[in-house]
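Count the sequence shown with mature numbering (1 follows the signal peptide of the UniProt record, and there is no 0) and you get residues -19 to -1, 1 to 291, in order. The next block holds one structure in the form of structure tokens; read it before the comments.
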Amino acid sequence: MRLAPLFSALFAAATPALAEPLKVQVQDLTVEYEVFFAPMIPGEVLDLQVMGRPSENEIRFDAPDRGEALEGEMKLAWKAPDEPGHYPLTITDETTGDRFTLNVLVGYPKSDIEDGALNGYKIGQYEEQPLRGQDTYLPPEGFIEVSEETKDVQVSPHFRLGQFICKQETDAEARYVVLRPELLLKLEQAVDLIQDEGFDVGTLYVMSGYRTPWYNKAIGNTTSYSRHLYGDAADVFVDIRPKNGVMDDLNGDGTVDKADANHLYDAVERMASANTEVSIKGGIGSYAANAAHGPFVHIDTRGTPARWGR
């Protein structure tokens, strides 16, 4: 093995092309998409493992020239640099031509928050004691900067980073977001289900993604443990026929109402029931329209099942 800031790891010899896409273990998650993301903080080590490929296949890792990389057989360990930012990393199976892009987003550590703000952007205060002692309720370790340059970074095939920013107004030059990969895996599965029903869904409309504790309190929410604060919750709906900022008529009854939210809820529930991956288990809630918004569904990956509103 060797340590280097930029490298290409080649593992030899041609073999017949494989039909399945690249499967990559990113930290503790298995990803089978062409593009995904990984949130990190400076100095953190990212572990990658190519899975399910013959050992004789030629696998190339192209790591950013910032940070440090350690190569192994179909493995990569990459240490994030001190400077926050967007660092794309690619894995290519030269034997089959399959390619995987991981958009690494190195955020600012929580220690950079001063008086409840990060570089002028209000964050507020997280509860120091996790709810019921669960690690998923510990304060986030890092905050991803969202700027004009990074807002359109793909965090998965059908979603961009900017879709998940908090709705709060700010005079700060940049916004910051907490976003968990587990949520994107679950949202991508939801998109697949809707596409299977014949809807040409390019994405889901994210009505509410990340919320800072400051904003959550400002809009009157009394819970300080909302999953929106921890970056693994999204309030979503399908908006393509027509694209008008409101849920579509998913059940085909000619009316847009809570029955359409229930239709999406049921699809996600079927997916959740069939999936044994603990990391994406969590909450599903169905909501009716009110004066402020149309019907929508809440999805989160808190790690334990929770259901409401259906």
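Cβ coordinates follow ideal geometry from the N, Cα and C atoms, glycine included.
* **Meets three-Cβ-pair contact criterion under 8 Å: the stretch 231 to 243 and the stretch 43 to 53** => Not touching, per the Cβ criterion.
* Can you say whether Ala(-11) is buried or exposed, counting buried as having 16 or more other CB atoms within 10 angstroms of its CB? => Taking the first residue of the sequence shown as position 1, residue -11 is located at position 9. Residue placement at Ala(-11) is poorly supported in this model, since its pLDDT is 40, which falls under 50; the coordinates still yield a value, given next. Buried: at least 16 other Cβ atoms inside 10 Å.
* Asked: Under a Cβ-count criterion, where at least 16 other Cβ atoms within 10 Å of its own Cβ denotes burial, should Leu3 be classed as buried or exposed?
  -> On the sequence shown, residue 3 is found 22 positions in, with the first residue counted as 1. Leu3 is buried by the Cβ-count criterion.
* Asked: Looking at C-alpha atoms only, which residue of Arg113, Leu119, Gly105 and Val16 is the closest neighbour of Thr73?
  -> Against the sequence shown, residue 73 aligns to sequence position 92. The shortest C-alpha to C-alpha distance from Thr73 to any of Arg113, Leu119, Gly105 and Val16 is the one to Val16.
* To do: Report all residues from its chain with a CB closer than 6 Å to the CB of Pro162; omit the five preceding and five following residues, and keep chain order.
  => As a first step, residue 162 is located in the sequence shown; it is residue number 181 there, counting from the start. Correct list, in chain order: Leu10.
* Asked: Quick one: Cα of Gln8 to Cα of Thr236, how far?
  -> Here residue 8 corresponds to residue number 27 of the sequence shown, with the count starting at 1. Here residue 236 corresponds to residue number 255 of the sequence shown, with the count starting at 1. Cα to Cα, Gln8 sits roughly 44 Å from Thr236.
* Rounded distance between the beta-carbons of Trp195 and Gly105, thought under 8 Å -> The residue given as residue 105 occupies position 124 in the sequence shown. The residue given as residue 195 occupies position 214 in the sequence shown. At roughly 3 Å, the Cβ-Cβ gap stays under 8 Å, so Gly105 and Trp195 are in contact.
* So what's Pro120 in DSSP terms, helix, strand or just coil? -> Sequence index remark: in the sequence shown, residue 120 carries index 139 (1-based). Reduced to three states, the DSSP call for Pro120 is coil.
* Asked: Would you call Val26 buried or exposed, if buried means 16 or more other Cβ atoms sit within 10 Å of its Cβ?
  -> Along the sequence shown, read from residue 1 onward, the residue named residue 26 stands at position 45. By the neighbour-count rule (16 or more Cβ atoms within 10 Å), Val26 is not buried but exposed.
* **Chain-order list of residues whose beta-carbon lies under 6 Å from that of Gly212 (same chain, five-residue window excluded)** => Position 231 of the sequence shown, counted from the start, is the residue given in the question as residue 212. Once the five neighbours on either side are set aside, the close Cβ partners of Gly212 are Val159, Leu160, Arg161 and Tyr191.
* In the DSSP assignment, find the beta strand (DSSP E) that holds Ser267 and state where it starts and stops. => By one-based count along the sequence shown, residue 267 stands at place 286. It spans Gly264 to Tyr268 - the beta strand (DSSP E) in which Ser267 sits, taken as one unbroken run.
* Taking the continuous alpha helix (DSSP H) assigned at Asp173, which residues delimit it? -> Counted from its first residue, the sequence shown places residue 173 at position 192. Pro162 to Asp177 is the span of the alpha helix (DSSP H), which, as asked, contains Asp173.
* Neighbourhood of Pro121 by C-beta, 7 Å cutoff - its chain only, sequence neighbours within 5 removed -> Here residue 121 refers to the residue found at position 140 of the sequence shown. So the qualifying residues of the chain are Lys91, Val159, Tyr211 and Gly212.
* Cβ-Cβ distance between Val70 and Ala98 below 7 Å -> As a position in the sequence shown, residue 70 is number 89, starting the count at 1. As a position in the sequence shown, residue 98 is number 117, starting the count at 1. In the sequence under discussion, the amino acid at residue 70 is Leu, which differs from the Val named in the question. No, they are not a contact pair.
* Residues bridged to Leu86 [DSSP beta-bridge criterion] -> As a first step, residue 86 is located in the sequence shown; it is residue number 105 there, counting from the start. According to DSSP, which records beta bridges pairwise, Leu86 is partnered with Pro20 and His67.
* Asked: From this set, Trp289, Arg288 and Gly284, which residue's C-alpha is nearest Gln115's C-alpha?
  -> The sequence position of residue 115 within the sequence shown is 134, counting from 1. Comparing Cα-Cα distances from Gln115 to each of Trp289, Arg288 and Gly284, the minimum goes to Gly284.
* To do: Please report the residue range of the beta strand (DSSP E) in which Met32 lies.
  => The sequence position of residue 32 within the sequence shown is 51, counting from 1. Element bounds for Met32: Val26 to Met32.
* Asked: In whole angstroms, what separates the C-alpha of Lys239 from that of Ser189?
  -> Within the sequence shown, the letter at position 258 stands for residue 239. Within the sequence shown, the letter at position 208 stands for residue 189. About 18 Å.
* State buried or exposed for Met55, treating a residue as buried only when at least 16 other CB atoms are found within 10 Å of its CB. => As a working mapping, residue 55 is identified with position 74 in the sequence shown. By the 10 Å Cβ count, Met55 comes out buried.
* **Proximity of Tyr157 and Glu126 at Cβ, strictly below 7 Å** => Reading the sequence shown from its first residue, position 176 is the one you call residue 157. Reading the sequence shown from its first residue, position 145 is the one you call residue 126. Yes, Cβ-Cβ distance for Tyr157 and Glu126 is below 7 Å.
* Neighbour-count burial assignment, Lys224, 16 or more Cβ in a 10 Å radius -> What you label residue 224 is simply residue 243 of the sequence shown in a count that begins at 1. Answer is exposed; the Cβ neighbour count stays below 16.
* Could you give the DSSP three-state label for Ala215: helix, strand or coil? => Locating residue 215 in the sequence shown gives position 234, where the first residue counts as 1. Looking at Ala215 - three-state DSSP - the assignment turns out to be strand.
* Rank Ala253, Met21, Ile175 and Lys132 by C-alpha distance to the C-alpha of Phe145 and give the top, closest one. => The residue given as residue 145 occupies position 164 in the sequence shown. For the residues Ala253, Met21, Ile175 and Lys132, the minimum Cα distance to Phe145 belongs to Lys132.
* Asked: Is the closest heavy atom of the ligand HEM to the C-beta of His279 under 6 Å?
  -> By its list of ligands, the structure shown contains no ligand whatsoever, and the ligand HEM lies outside what it can speak to.
* DSSP state of Ile146 mapped onto helix, strand, coil -> Within the sequence shown, residue 146 is the residue found at index 165, counting from 1. Coil, per DSSP.
* **Short Cβ contact (7 Å threshold) for Arg208 with Ala199** => Translated into the one-based positions of the sequence shown, residue 208 becomes position 227. Translated into the one-based positions of the sequence shown, residue 199 becomes position 218. Taking 7 Å as the Cβ cut-off, Arg208 and Ala199 do not qualify as a contacting pair.
* To do: State the DSSP-derived secondary structure class of Ala(-8), mapped to helix, strand or coil.
  => Position 12 of the sequence shown, counted from the first residue, corresponds to residue -8. Reliability of the predicted coordinates at Ala(-8) is poor, the pLDDT of 36 falling under 50, and the value obtained from them is presented with this limitation in mind. Looking at Ala(-8) - three-state DSSP - the assignment turns out to be coil, as it is neither helix nor strand.
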